[in-house]
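Below is one structure; the comments refer to it alone.
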Amino acid sequence: MVVKEKKGRKRYILFTHPSQSKHNIEKFIREKINILKSKIKCRLIKLDSENGIIRVDHKLLTEVRNIMNKKSGELRLKTIRTSGTLKSLKKVE
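The opening position of the sequence shown corresponds to residue 346 in my numbering, with each subsequent residue numbered one higher.
Below, the structure written as structure tokens:
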């Protein structure tokens, strides 16, 4: 496997959210996660009624999971699984 030094490596986090709007989750990502500087910008990939998927840099994975699992006001996100590919996370959903 070739290391992607210029682009960086991505990880995808599957999480649950009890009835949160897309706007609230994107605001949470901007305010709490995007302040962590990395090659890959954190981005919301998919959001449905129960689950969501975000993309993060592999170096920030544990830090982002800790931020998401903390109770931050009304937003209650809980990480379920992490993967290097979207395909494996979609099998879990």
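We treat Cβ as the ideally placed atom computed from N, Cα and C, and that holds for glycine.
Inter-residue spacing [alpha-carbon to alpha-carbon] between residue i and residue j
i: Leu431; j: Val437; result: 10 Å
i: Arg388; j: Leu406; result: 13 Å
i: Leu392; j: Ile380; result: 22 Å
Which listed residue (the options) has its alpha carbon closest to that of residue i
i: His368; options: Leu359, Arg410, Leu420; result: Leu420
i: Lys355; options: Val409, Arg410, His403; result: His403
i: Ser394; options: Ser364, Leu381, Thr427; result: Ser364
Within 8 Å, strictly: CB atoms of residue i and residue j
i: Leu434; j: His362; result: no
i: Arg375; j: Ile385; result: no
i: Gly429; j: Ser383; result: no
i: Ile398; j: Ile390; result: yes
i: Arg426; j: Leu359; result: yes
Which parts of the segment 376-430 are runs of the alpha helix (DSSP H), unbroken and 4 residues or longer, counting only runs that do not cross its ends? 406-414
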